[in-house]
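Below: one structure, written as structure tokens.
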Amino acid sequence: MKIEHISTDVLRLSLWPLDAANAYVLGDILVDSGGKFARRGLLSALSRTAISGHVVTHAHFDHQGSSHAVCEHLDIPFMCGEGDRTAVETGDIAQVLPKRDSWLARLAQRLAGPGHPVARSLREGDEVGGFVVIETPGHTPGHLAFWRESDGVLVVGDVLFHRNPMTMRSGLREPFAFATFDPGMNRRSARKLAALEPAVVCFGHGEPLRATQRFAEFVSTLRND
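Throughout, the working numbering is defined as the position within the sequence shown, counted from one, plus 1.
Structural data, given as structure tokens:
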């Protein structure tokens with residue numbers, strides 16, 4: 002597992018398989034946990050870091066898959082957005098997909114990690130790990146992003162990708178429509194984040210982006226709906 006220092010008290014953990022997804026450490030808070038097969042490597046990496054809590058950006062299998070294992074092993078509280086809370090607690094992630102009865106939803110459900118009790122639902126303006134919570138619904142109903150104004154670090158989860166996790170091709174793109182609850186709402190969330198004018202953008206999939214004018218330009222091309 003590759004561990005990258007992004008900024009003060011911000012680490013990026015590139016998760017198995019093939020660095021297809023990222024987790025982050027913000028201060029003493031773990032953001033996302035990758036798929037359920039990432040747990041061993043993730044726990045090994047976290048053994049050298051003091052972690053007091055865990056939050057997921059959203060309730061998809063490649064972000065919550067190892068959350069139960071991490072929270073159980075480290076005995077730490079679990080947090081998420083209110084709109085994803087039921088999916089996170091029950092492990093029934095199909096309910097935050099656009100077509101919960103599709104074969105893709107059934108596959109995603111098989112890949113999901115078990116549910117875990119949520120200690121706290123996060124809302125706009127809450128603070129975790131020195132970052133402000135921003136509600137960014139669309140990809141899922143309760144999707145969250147995290148913003149630190151002092152140095153312009155923005156963690157966007159899956160509002161946008163910087164790498165296609167299926168082809169591993171780098172580049173900015175919208176998340177897959179088949180896995181996005183409300184694409185129009187997600188585009189509005191992307192514009193909300195671009196308005197912050199971040200200095201570095203950290204994605205759920207792909208390398209951090211410091212040439213943030215590219216981020217703003219890409220968001221400006223998104224369809225208005």
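Where a beta carbon is used, it is the ideal one built from N, C-alpha and C, also for glycine.
The residues Leu14, Leu16, Leu31, Val32, Asp33, Ser34, Gly35 and Leu43, in chain order, have a CB closer than 7 Å to that of Ala24 in the same chain once the five nearest residues on each side in sequence are set aside. CA-CA distance, Glu150 to Phe132, rounds to 8 Å.
If you compare the alpha carbons of Val157, Phe177 and Gly158 with that of Asn165, the shortest gap goes to Phe177. The beta carbon of Val220 sits closer than 7 Å to those of Ala191, Arg192 and Ala195, all from its chain and outside the five residues before and after it, given in chain order. Less than 8 Å separates the beta-carbon of Leu145 from that of Gly158. Looking only at Val160, Val71 and Met169, the smallest Cα-Cα distance to Asn187 is reached by Val160. The beta strand (DSSP E) runs lying completely inside the stretch 42-77 and spanning 3 residues or more are 54-56, given in chain order. Cβ contact annotation for Gly92 (same chain, cutoff 7 Å, sequence separation greater than five): Ala113, Gly114, Pro115 and Gly116, in chain order.
The three-state secondary structure of Gly82, taken from DSSP, is strand.
In the displayed model, Gly143 falls within coil according to three-state DSSP, outside both helix and strand. Per DSSP, the unbroken alpha helix (DSSP H) holding Asn187 starts and ends at Pro184 to Ala195. Excluding sequence positions up to five before and after Ala212, its CB lies less than 6 Å from no other CB in the same chain. Secondary structure note for Phe179: it is in no alpha helix (DSSP H), with a DSSP letter that is neither H nor E.
Note on geometry: alpha-carbon atoms of Ala180 and Leu75 lie some 30 Å from one another. In the three-state DSSP reduction, Arg13 falls in the strand class (E or B). Annotated as proximal: Gly66 and Lys37, with beta-carbon spacing under 8 Å.
For Leu31, there is no enclosing alpha helix (DSSP H); the enclosing beta strand (DSSP E) covers residues Ile30 to Val32.
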